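**Student:** The sequence shown lines up with residues 543 to 907 when you count with this note's numbering.
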Amino acid sequence: MLETELTHILKIRYPIFQAPMAGGPTTPELVAAVSNAGGLGNLGAGYLTPEQLRSTIQKIKELTDQPFGVNLFVPEQPIESEEAIDQMSAYLNKYRIELGIATNPLLPKFSESFEEQVQVLLEEKVAVFSFTFGIPPHEVIQAMKERGTVVIGTATTVEEAKYLEAAGVDAVVAQGSEAGGHRGTFLNNISDNQIGTMALVPQIVDHVSIPVIASGGIMDGRGLVASLFLGASAVQMGTAFLACPESGAHATYKQKILSSNEDTTEITRAYSGKAARGIRTAFMNDLHQYPGTIPAYPIQNAMTRDIRQAAAKSNNPEYMSLWAGQGLRLASDHSAAAIVKQTIDQAYVLVNLITKSPYRMKEND
Ligand SMILES: Cc1cc2nc3c(=O)[nH]c(=O)nc-3n(C[C@H](O)[C@H](O)[C@H](O)COP(=O)(O)O)c2cc1C
543 MLETELTHIL KIRYPIFQAP MAGGPTTPEL VAAVSNAGGL GNLGAGYLTP
593 EQLRSTIQKI KELTDQPFGV NLFVPEQPIE SEEAIDQMSA YLNKYRIELG
643 IATNPLLPKF SESFEEQVQV LLEEKVAVFS FTFGIPPHEV IQAMKERGTV
693 VIGTATTVEE AKYLEAAGVD AVVAQGSEAG GHRGTFLNNI SDNQIGTMAL
743 VPQIVDHVSI PVIASGGIMD GRGLVASLFL GASAVQMGTA FLACPESGAH
793 ATYKQKILSS NEDTTEITRA YSGKAARGIR TAFMNDLHQY PGTIPAYPIQ
843 NAMTRDIRQA AAKSNNPEYM SLWAGQGLRL ASDHSAAAIV KQTIDQAYVL
893 VNLITKSPYR MKEND
């Protein structure tokens with residue numbers, strides 16, 4: 543039962559993806575450890591320059607000969623008034639003063655060149671290319687497929703999954719609202735579609751014919767087996783790997799992951815201008831009272847970067863973005879390989895229990 547359409551397509555042993563997590567957690571060591579353990583490691587490369595992207599891929603290739611994936615952000619063209627940007631910049635100065643960094647900084651670059659990032663992936667011939675926040679141009683999807691790269695999109699509704707299938711992706715991540723990090727929502731400009739994994743996965747499974755990867759709140763073998771029974775072909779786990787030793791998450795962030803509860807996260811636009819789930823902080827609480835308009839992603843993301851970085855330097859979690867899903871109490875600091883093994887061992891026990899259960903529905907029921 544743990545062999546699925548996707549384990550065959552990707553030539554991996556177990557249907558476990560370690561989620562791509564841009565911003566530092568998905569180090570080459572983490573990606574390689576998960577792939578070496580039989581899952582699919584994924585690099586969150588959305589914020590990497592083309593040069594950083596190439597060298598990181600090459601480092602992963604030194605650490606594993608198994609398949610791994612690379613994830614990018616589909617670019618967005620935000621329209622924002624100068625007034626909203628100026629107002630936010632002035633508002634954020636109180637944090638800069640408190641953290642002892644320069645006030646009124648010049649507006650930094652919003653995002654890296656998607657075209658150049660794609661070019662690196664084509665040249666490096668990665669096994670899997672996944673993306674979120676939209677659908678890349680048709681030529682990009684085609685070029686990847688021509689190189690033998692498996693292409694995976696992200697959906698938060700059935701409609702988005704259908705659009706992705708029509709665009710030619712090979713598989714789709716069904717991202718439930720429990721998920722940590724940014725919501726992949728891209729249709730209708732609604733950034734707060736909040737459909738839970740349990741409801742979302744079987745509905746997407748019923749409406750597309752490509753394999754589905756369940757994501758959001760899946761932390762162990764129970765979540766894996768449940769997802770497979772819902773019709774998923776694999777799971778994508780993020781928060782479960784955030785506090786492991788190979789993760790590049792900041793030490794203070796790891797401590798927060800290990801000490802927080804299921805009810806401490808919230809979906810917010812405070813840090814980046816795009817809906818994302820993270821552990822509640824003073825910064826979030828304050829920005830939720832902000833009287834003006836929070837600039838759209840990726841403008842707000844670029845505008846808060848200096849604050850987040852200074853907060854990380856001074857070990858102040860209250861002004862850092864602590865992306866995390868609702869499965870927090872199940873997180874551990876075990877090694878990445880141990881997390882994969884424990885998930886698989888638990889899944890086998892459960893599958894055996896279920897298939898031997900006297901309460902199992904009879905075939906003709
Ligand atoms: C810290 C963090 C960063 C993330 N960054 C990305 C990303 O760069 N690309 C992406 O497609 N998903 C990203 N996600 C979302 C994950 O792919 C996945 O949907 C989520 O982790 C699943 O929920 P879970 O954290 O409860 O396992 C991120 C999640 C977290 C927690």
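Ideal Cβ placement from N, Cα and C applies to all residues, glycine included. Please read these numbers as outputs of a predicted model, since none were measured by experiment.
So, I799 versus A873, is the Cβ gap smaller than 8 Å?
**Tutor:** As a first step, residue 799 is located in the sequence shown; it is residue number 257 there, counting from the start. As a first step, residue 873 is located in the sequence shown; it is residue number 331 there, counting from the start. It is a contact, given that the beta carbons lie within the stated cut-off.
**Student:** What are the start and end residues of each continuous alpha helix (DSSP H) run of 4 or more residues lying completely inside the stretch 661 to 691, in chain order?
**Tutor:** Every unbroken stretch of the alpha helix (DSSP H) spanning 4 or more residues and falling wholly within the stretch 661 to 691 is given here in chain order: 680 to 688.
**Student:** Please classify Q868 as buried or exposed, where buried requires at least 16 other C-beta atoms within 10 Å of its C-beta.
**Tutor:** Position 326 of the sequence shown, counting from 1, holds the residue named residue 868. By the 10 Å Cβ count, Q868 comes out buried.
**Student:** Which whole-angstrom value describes the C-beta separation of F656 and N613, a residue pair presumed to lie in contact below a C-beta threshold of 8 Å?
**Tutor:** Counting from one through the sequence shown, the residue named residue 656 turns up at place 114. Counting from one through the sequence shown, the residue named residue 613 turns up at place 71. At roughly 12 Å, the Cβ-Cβ gap does not stay under 8 Å, so F656 and N613 are not in contact.
**Student:** Could you check the C-alpha separation between E622 and A838 for me, to the nearest Å?
**Tutor:** As a first step, residue 622 must be located in the sequence shown, where it is residue number 80. As a first step, residue 838 must be located in the sequence shown, where it is residue number 296. Their Cα atoms are separated by approximately 7 Å.
**Student:** Taking DSSP as the reference, what is the three-state secondary structure of Q608?
**Tutor:** One-based indexing of the sequence shown puts residue 608 at position 66. Coil.
**Student:** Less than 8 Å separating the beta-carbons of S719 and I737?
**Tutor:** Against the sequence shown, residue 719 aligns to sequence position 177. Against the sequence shown, residue 737 aligns to sequence position 195. Going by C-beta atoms, S719 is nearer than 8 Å to I737.
**Student:** Say the cut is 7 Å; is the CB of I760 nearer than that to a heavy atom of ligand 1?
**Tutor:** Within the sequence shown, the letter at position 218 stands for residue 760. Checking the Cβ of I760 against ligand 1 gives yes.
**Student:** Between T909 and G723, which are expected to be in contact by the criterion C-beta below 8 Å, what is the C-beta distance as a whole number of angstroms?
**Tutor:** The chain is shown only over 543 to 907; residue 909 falls outside these bounds and no answer can be derived.
**Student:** Are the CB atoms of A774 and V743 nearer to each other than 8 Å?
**Tutor:** The residue labelled residue 774 in the question sits at position 232 within the sequence shown. The residue labelled residue 743 in the question sits at position 201 within the sequence shown. A distance below 8 Å separates the beta carbons of A774 and V743.
**Student:** Is the stretch 752 to 772 close to the stretch 852 to 865, with three or more CB pairs under 8 Å?
**Tutor:** no
**Student:** Heavy atom of ligand 1 less than 7 Å from the Cβ of E665, yes or no?
**Tutor:** Translated into the one-based positions of the sequence shown, residue 665 becomes position 123. No, the beta carbon of E665 sits no closer than 7 Å to any heavy atom of ligand 1.
**Student:** Do A644 and K883 have their C-beta atoms within less than 8 Å of each other?
**Tutor:** Reading the sequence shown from its first residue, position 102 is the one you call residue 644. Reading the sequence shown from its first residue, position 341 is the one you call residue 883. No.
**Student:** Kindly list the residues whose CB is nearer than 7 Å to the CB of L864, restricted to its own chain and excluding five residues on each side of it in sequence; keep chain order.
**Tutor:** For the purposes of this step, residue 864 is identified with residue 322 of the sequence shown, where counting begins at 1. Closer than 7 Å at the Cβ level, and outside the excluded window around L864, lie Y795, K798, G820, I821, T823.
**Student:** Suppose you measure from the CA of T698 to the CA of G759; what does that come to, to the nearest Å?
**Tutor:** The residue you call residue 698 lines up with position 156 of the sequence shown. The residue you call residue 759 lines up with position 217 of the sequence shown. When rounded, the distance between both Cα atoms is 14 Å.
**Student:** A776: which of A721, V754, G676, C786 sits nearest, CA to CA?
**Tutor:** Translated into positions along the sequence shown, residue 776 becomes position 234. Comparing Cα-Cα distances from A776 to each of A721, V754, G676, C786, the minimum goes to V754.
**Student:** Near S814, what residues of its chain come up, given a Cβ to Cβ distance below 6 Å and the 5 sequence neighbours on each side ignored?
**Tutor:** To locate residue 814, count along the sequence shown from 1; it is residue 272. Close CB contacts of S814 within its chain, under the 6 Å cut and outside five residues either way in sequence, are with Y839, Q842, N843 (chain order).
**Student:** Quick one: residues in its chain with C-beta nearer than 6 Å to the C-beta of F615, no 5 flanking neighbours on either side, listed in chain order?
**Tutor:** Residue numbering aside, residue 615 sits at position 73 when the sequence shown is read from its first letter. Counting only Cβ-Cβ distances below 6 Å, and skipping sequence neighbours, we find G588, F675.
**Student:** Should T794 be listed as close to ligand 1, given that the test is whether its C-beta is under 7 Å from any heavy atom?
**Tutor:** Working through the sequence shown from its first residue, we reach residue 794 at position 252. No, Cβ of T794 sits at least 7 Å from all heavy atoms of ligand 1.
**Student:** On the criterion of 16 or more Cβ atoms from any shown chain inside 10 Å, does D712 qualify as buried, or is it exposed?
**Tutor:** Sequence index remark: in the sequence shown, residue 712 carries index 170 (1-based). So D712 counts as buried.
**Student:** If you reduce the DSSP assignment to three classes, tell me which class S653 lands in.
**Tutor:** As a working note, residue 653 is residue 111 in the sequence shown. Of the three classes helix, strand and coil, the one that applies to S653 here is coil, per DSSP.
**Student:** For the alpha helix (DSSP H) holding T807, just list the boundary residues, first then last.
**Tutor:** Start at 1 with the first residue of the sequence shown, and residue 807 comes out as number 265. For T807, no alpha helix (DSSP H) encloses it; the enclosing beta strand (DSSP E) starts and ends at 807 to 810.
**Student:** S757 lies in the alpha helix (DSSP H); which residues open and close that run?
**Tutor:** Here residue 757 refers to the residue found at position 215 of the sequence shown. Unbroken run through S757 is the beta strand (DSSP E), 754 to 757; no alpha helix (DSSP H).
**Student:** From the DSSP output, which residues share a beta bridge with V714?
**Tutor:** As a first step, residue 714 must be located in the sequence shown, where it is residue number 172. Paired residues: G695, V754.
**Student:** Just to confirm before moving on: does the CB-CB distance between C786 and H876 stay below 8 Å?
**Tutor:** Stepping through the sequence shown from its first residue, residue 786 is reached at position 244. Stepping through the sequence shown from its first residue, residue 876 is reached at position 334. Result yes, Cβ atoms of C786 and H876 sit closer than 8 Å.
**Student:** Run the proximity test for S653: is its beta-carbon closer than 7 Å to any non-hydrogen atom belonging to ligand 1?
**Tutor:** To locate residue 653, count along the sequence shown from 1; it is residue 111. Not under cutoff, so the answer is no.
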